[in-house]
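Please read the structure below before turning to the comments.
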Amino acid sequence: MAEEVSALELAALLCSRVCHDVISPVGAITNGLEVLADDDDPEMRVHAMDLITKSAAQASAKLQFARLAFGAAGSAGAELDLGDAKAVAEGLMRSEKATLSWNAPHATIGKDYVKLLLNMILIGLAAIPRGGEVTASVEEPLTAPTLRIRSKGQAARVPEETAGFLGGRDPERFLDARAAQPYFTGLVARSLGLDIAARMDGEEFVVEAKPRA
Numbered sequence: 005m006a007e008e009v010s011a012l013e014l015a016a017l018l019c020s021r022v023c024h025d026v027i028s029p030v031g032a033i034t035n036g037l038e039v040l041a042d043d044d045d046p047e048m049r050v051h052a053m054d055l056i057t058k059s060a061a062q063a064s065a066k067l068q069f070a071r072l073a074f075g076a077a078g079s080a081g082a083e084l085d086l087g088d089a090k091a092v093a094e095g096l097m098r099s100e101k102a103t104l105s106w107n108a109p110h111a112t113i114g115k116d117y118v119k120l121l122l123n124m125i126l127i128g129l130a131a132i133p134r135g136g137e138v139t140a141s142v143e144e145p146l147t148a149p150t151l152r153i154r155s156k157g158q159a160a161r162v163p164e165e166t167a168g169f170l171g172g173r174d175p176e177r178f179l180d181a182r183a184a185q186p187y188f189t190g191l192v193a194r195s196l197g198l199d200i201a202a203r204m205d206g207e208e209f210v211v212e213a214k215p216r217a
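Each residue of the sequence shown is one higher than the one before, counting from 5 in our numbering.
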């Protein structure tokens, strides 16, 4: 039987998730700066600057994505532009093995729907660890949209943490920072009055959130 996670525990787990995502590019920036400080070889300095530039862009993209996916962007009841959501999702994808296909209208939408869509993209990425294509769709009406992510790639499957925690917390299973993300996704969906489920459709992974019938 599912049980809720305390706000304090969930906040700590999501903070751990964000730190995990940005620690690698930030560490690479540090390494590049150390090379610039200690190595006079022109070729090594060029490589170091390239590493710093790419890693800084990657860290910025991950933080911008996390701000919308986990943060409190805008005021209560605010709407966000789906174009901005697309931009941060595309920025994240530049450091991933998958490509993004975007199927959504040019419009604004409630910020929590954007939060949900971005978290669903993360679940879609986790379903294709060897890479592939993630398609994000938003179906009207935008006041109560259906959100859908389809992932196709080699060895696509329903991630274990998604199967275990999208519907709530199972007290028999350990909730870590990785599993906290699909758990949080389910919470956001249900707070919007949406049913959310993940499944395999042939060889493709699908996670869908739609208004309750």
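No residue lacks a Cβ here, since even glycine has one placed at the ideal position from N, Cα and C.
If you're wondering where the values come from, they're calculated on a predicted model, not measured in any experiment.
Worksheet item: In this structure, does DSSP put residue 127 in helix, strand or coil?
Response: One-based indexing of the sequence shown puts residue 127 at position 123. Helix.
Worksheet item: Near residue 92, which residues of its chain fall below 6 Å by C-beta distance, leaving aside the five closest residues on each side in sequence?
Response: Along the sequence shown, read from residue 1 onward, the residue named residue 92 stands at position 88. Contacts found: 68, 69 and 72.
Fill in: Coil, strand or helix - residue 132 by DSSP
Here residue 132 corresponds to residue number 128 of the sequence shown, with the count starting at 1. Residue state, collapsed to three classes: coil.
Worksheet item: If you drop the 5 nearest sequence neighbours on each side, which residues of the same chain put their C-beta closer than 7 Å to that of residue 14?
Response: For this step, residue 14 is matched to residue 10 along the sequence shown. Excluding positions up to five away in sequence, the list reads 184 and 188.
Item to complete: Mark residue 195 as exposed unless 16 or more other C-beta atoms lie within 10 angstroms of its C-beta, in which case mark it buried.
Response: For this step, residue 195 is matched to residue 191 along the sequence shown. By the 10 Å Cβ count, residue 195 comes out exposed.
Worksheet item: How close, in whole Å, do the beta carbons of residue 213 and residue 191 come, if the pair is a contact with beta carbons under 8 Å?
Response: Position 209 of the sequence shown, counted from the start, is the residue given in the question as residue 213. Position 187 of the sequence shown, counted from the start, is the residue given in the question as residue 191. About 12 Å separates the two Cβ atoms, so there is no contact after all.
Worksheet item: Nearest-angstrom Cα distance between residue 5 and residue 162?
Response: Walking along the sequence shown from the start, residue 5 turns up at place 1. Walking along the sequence shown from the start, residue 162 turns up at place 158. Unreliable positioning characterises residue 5 in this predicted model, as indicated by a pLDDT of 39, which lies under 50. A coordinate reading is not provided.
Worksheet item: How would you label residue 62, buried or exposed, when you count the other beta carbons within 10 angstroms and need 16 or more for buried?
Response: Here residue 62 corresponds to residue number 58 of the sequence shown, with the count starting at 1. Per the 10 Å Cβ criterion, buried.
Discussion item. Any beta carbon of chain B sitting closer than 8 Å to that of residue 45?
Written reply: Note that chain B does not occur in the displayed structure, where there is just one protein chain.
Discussion item. Given a cut-off of 8 Å on the beta-carbon distance, is the pair residue 118 and residue 66 in contact?
Written reply: Residue mapping note: residue 118 aligns to position 114 of the sequence shown, counting from 1. Residue mapping note: residue 66 aligns to position 62 of the sequence shown, counting from 1. No, these two residues do not count as a Cβ contact at 8 Å.
Worksheet item: Would you call the segment 169–185 and the segment 140–159 in contact, with 3 or more CB pairs under 8 Å?
Response: No, they do not touch.
Fill in: Other residues of its chain near residue 209: CB distance less than 6 Å, five sequence neighbours each side excluded
Counting from one through the sequence shown, the residue named residue 209 turns up at place 205. Excluding sequence neighbours, residue 209 sits near 131, 155 and 160.
Worksheet item: With DSSP run on the structure shown, which of helix, strand or coil describes residue 67?
Response: If you number the sequence shown from 1, residue 67 lands on position 63. Residue state, collapsed to three classes: helix.
Worksheet entry | Pick from 87, 137, 74 and 123 that is closest to residue 98, judged by C-alpha positions | Counting from one through the sequence shown, the residue named residue 98 turns up at place 94. Ranking the options by Cα distance to residue 98, first place goes to 137.
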